[in-house]
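Trainee: This structure is in structure tokens; I'll ask about it shortly.
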Amino acid sequence: MNKTNVRLLMTALMVAAMALILAAGCGGSSDGGEQVLGESENADEPGDHADNAEDAENAGSTDEVDGVSAGDDASAAGNELPPMTTTTLRPELDEPPVLADDLPDPLPEPTEANPFPPLPADSDEAVVVTSNNIVAPIVRSISDGHFVRTPCSNQRLLFNNRTLSRAHVVLDAGHGGREIGAVGSAGVREKDINLIVVNKTKELLEAQGATVVRTRTDDYSVTTQARGEIATRLAPYLFVSVHHNGGAPANDDRPGTIVFTKANNPDATRFGGIFHQNLNKFLLAKAAETQAVYDDYMTQRDAHQAAQEAYDAAVAAQNAAPAPEGVDPAAGGETNTTIQATPRPADANGPVLGPDGQPLTPPEPFDLEVPAPFNADTENLQFKFAGAGNSGVRSWIRDDGEDFLGVLRNTQGVPAVLAEFLYVTNPIEEALLADPEFLDAEAFILAQSIVEFLTTNNPGDGHVRDQFGDQNIGGGGRPSDCNESL
Ligand SMILES: [Zn+2]
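Plus 1262 on top of the position in the sequence shown (first one is 1) and you've got the numbering used here.
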């Protein structure tokens, strides 16, 4: 696309955006999003989050819809939006992010051969890493210590801790502590799998030479402010918040992956497209593979059922056959002219014979393992994804023009995305998420997508129109809900 076309496209987009804003009005219409996340981590400064939706930071996805976490957004759960269109709206993605004056210099340009070049040695200390591995952004340094922002957005003076100045990538495991996130019917909890995926992704990237920092390293609360501030201070190439969604009905052949991208950040938009493309390709293949397992199970189950029915019918036929007159089956076939024809038990007279007169043996017990999440009585095993109508790569912009999701709003100058991989609350997807190998695969795709972002100009796909307006997606990520761990 040439520059004129780009300008025309930009103009058209601005007009379209204005139209959407006007259409949405200020009343928090339902345009945004069905399931976007439920979680909301929000976390503004203590004090300015008095009202709800605005600070809901995180996501809107419905995670909490199932009521596990916040509770008050359960009502939003069933509130489905019309399907989003999936045209690619923002293909031009090569402008650098705008950095605020007080942010560190950009990292060295990655190359195809080296996505993670050496970090600058002269950067200021950005975060503290405590002895129990909690990461806290430095607010101010004094001669022998650091004032840090704690995971609950308090300030504390720490001494003698390790510090880090820069990172190539910051990974954010959504939720933690009392904030569980979405929970499936088999008990898979979002906060747990988010951290597993983050840990594995870190390991994979570090094997390629990356310095990776996690905003949450264990099961504890972290406000969205603290999460975002860690990324802002470290000024990485990319910040990725890992989430799994909840709440949507499961009725589609396409995955419901959502990637929220930091508003007006072309790098975030491009990474979102790469990740969406790679994850969806994998999920579609996984769905086909899983469906083949179901089909195979059903074929074998049906064949066993048919064999059992044939055997039972043969037994019934033999039971119903009268003994010849004068033969006493109970006496081993002894002849006695006074005995009348009578039904005899099949097993009294040798093997059960099939229609062809040959002996039948009873089918072996059917002990093929039932594929999760179904039970042996399930009649029809079909792999269906949840949330496809709401899938796509987009920004979610508040009425004041800022990112709706706090964790994206608080990552200043950093290409930042919040990804809802798939739905914990869909039992068939939950069964995948309960498998450690599947979580490893998610991590592999995330790591691979990060490297692809750094070493190519691929735009990815799955971009849809941005969503606008506020929406109450429940609490989360706020200081008031935070259990201090530091
Ligand atoms: Zn979440």
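Glycine is no exception: its CB is placed at the ideal position from the N, C-alpha and C atoms.
What are the boundary residues of the alpha helix (DSSP H) that includes His1239?
Mentor: The shown model of the chain, from 1263 to 1748, leaves out residue 1239, and the question about it has no answer.
Trainee: Should Ile1735 be labelled buried (16 or more other beta-carbon atoms within 10 Å of its own) or exposed?
Mentor: Buried: at least 16 other Cβ atoms inside 10 Å.
Trainee: Which residue comes first and which comes last in the alpha helix (DSSP H) that contains Glu1465?
Mentor: Taken as a continuous stretch (DSSP letters only), the alpha helix (DSSP H) holding Glu1465 covers 1452-1468.
Trainee: Could you have a look at Pro1698 and say whether DSSP puts it in helix, strand or coil?
Mentor: Looking at Pro1698 - three-state DSSP - the assignment turns out to be helix.
Trainee: Check each candidate in Ala1554, Glu1641, Thr1519, Leu1748 and name the one with the smallest Cα separation from Lys1543.
Mentor: Checking every option, the nearest Cα to that of Lys1543 belongs to Thr1519.
Trainee: If you check the beta carbons only, do Ala1681 and Val1502 fall under 8 Å apart?
Mentor: Cβ distance < 8 Å, so Ala1681 and Val1502 count as in contact.
Trainee: Give the DSSP-derived three-state secondary structure of Ser1403 in the structure shown.
Mentor: Correct three-state label for Ser1403: strand.
Trainee: So what's Gly1508 in DSSP terms, helix, strand or just coil?
Mentor: Coil.
Trainee: Beta carbon of Arg1563, beta carbon of Leu1630: below 8 Å?
Mentor: Result yes, Cβ atoms of Arg1563 and Leu1630 sit closer than 8 Å.
Trainee: In this structure, what does DSSP give as the bridge partners for Tyr1499?
Mentor: Paired residue(s): none; Tyr1499 is not in a bridge.
Trainee: Please find out if some non-hydrogen atom of ligand 1 comes closer than 7 Å to the beta-carbon of Gly1446.
Mentor: Incorrect: Gly1446 has no Cβ contact closer than 7 Å to ligand 1.
Trainee: Going by DSSP, what residues sit across from Thr1523 in a beta bridge?
Mentor: In the DSSP output, where bridge partners are listed per residue, Thr1523 has Val1679.
Trainee: If you reduce the DSSP assignment to three classes, tell me which class Ser1747 lands in.
Mentor: Note: Ser1747 maps to coil in three-state DSSP.
Trainee: Quick one: Cα of Leu1643 to Cα of Lys1464, how far?
Mentor: C-alpha separation (whole angstroms): 36 Å.
Trainee: If we ignore side chains and look at the alpha-carbon of each, how far apart do Gln1729 and Asn1526 end up?
Mentor: Taking the straight line from one Cα to the other gives about 13 Å.
Trainee: In whole angstroms, give me the CA-to-CA distance for Lys1453 and Gly1407.
Mentor: Each residue's alpha carbon lies about 32 Å from the other.
Trainee: Can you determine whether any heavy atom of ligand 1 sits closer than 7 Å to the C-beta of Glu1691, and answer yes or no?
Mentor: No; taking the cut-off as 7 Å, the Cβ of Glu1691 has no heavy atom of ligand 1 nearer than that.
Trainee: On the DSSP bridge list, what partners appear for Glu1441?
Mentor: Answer is Gly1438, bridged to Glu1441.
Trainee: How would you call Phe1666, buried or exposed, if buried means at least 16 neighbouring beta carbons within 10 angstroms?
Mentor: Phe1666 comes out buried.
Trainee: Let me check you understand the geometry: is the CB of Gly1518 closer than 7 Å to at least one non-hydrogen atom of ligand 1?
Mentor: No, ligand 1 has no heavy atom inside 7 Å of this Cβ.
Trainee: Go to Val1390, then tell me how far its beta strand (DSSP E) extends in each direction, as first and last residue.
Mentor: Val1390 -> beta strand (DSSP E) spans 1389-1391.
Trainee: Report the three-state DSSP secondary structure of Gly1654 (helix, strand or coil).
Mentor: Gly1654 falls in the strand class under three-state DSSP.
Trainee: How would you label Thr1718, buried or exposed, when you count the other beta carbons within 10 angstroms and need 16 or more for buried?
Mentor: Exposed is the call here.
Trainee: Buried or exposed, going by whether 16 or more other CB atoms sit within 10 Å of the CB of Leu1419?
Mentor: Result: exposed.
Trainee: At a threshold of 7 Å, does Glu1452 count as lining ligand 1 (C-beta to nearest heavy atom)?
Mentor: At least one heavy atom of ligand 1 is nearer than 7 Å to the Cβ of Glu1452, so yes.
Trainee: Below 8 Å between beta carbons: does that hold for Ile1396 and Ser1747?
Mentor: Cβ distance < 8 Å, so Ile1396 and Ser1747 count as in contact.
Trainee: With a cut-off of 8 Å on the beta carbons, I'd call Val1655 and His1538 a contact; round off their distance for me.
Mentor: Yes, they are in contact, since the Cβ atoms of Val1655 and His1538 sit about 5 Å apart, within 8 Å.
Trainee: Would you say the beta carbon of Gly1439 is closer than 7 Å to some non-hydrogen atom of ligand 1?
Mentor: Incorrect: Gly1439 has no Cβ contact closer than 7 Å to ligand 1.
Trainee: Please list the terminal residues of the continuous beta strand (DSSP E) segment that includes Leu1755.
Mentor: An answer regarding residue 1755 cannot be provided, because it is not within the stretch 1263 to 1748 covered by the chain.
Trainee: Is the beta carbon of Pro1436 within less than 7 Å of some heavy atom of ligand 1?
Mentor: The residue you asked about is not Pro; residue 1436 is Gly in the sequence shown. Yes, ligand 1 has a heavy atom inside 7 Å of this Cβ.
Trainee: For Gly1651 and Asp1662, what's the separation of their Cα atoms in angstroms?
Mentor: Approximately 26 Å between the Cα atoms of the pair.
Trainee: How is Ile1659 classed by DSSP in three states: helix, strand or coil?
Mentor: Strand at Ile1659.
Trainee: Among Pro1372, Asn1507, Val1676, which one has its Cα closest to the Cα of Pro1498?
Mentor: Nearest C-alpha to Pro1498: Val1676.
Trainee: Please report how far the alpha carbon of Phe1378 lies from the alpha carbon of Pro1528, in whole angstroms.
Mentor: Distance between the alpha carbons of Phe1378 and Pro1528 is about 20 Å.
Trainee: Comparing alpha-carbon positions, which option in Thr1640, Ala1582, Ala1572 lies nearest Gly1616?
Mentor: Looking at the Cα atoms, Ala1572 is the closest of the given residues.
Trainee: Could you check what DSSP says for Ala1429 in three-state terms: helix, strand or coil?
Mentor: Coil, per DSSP.
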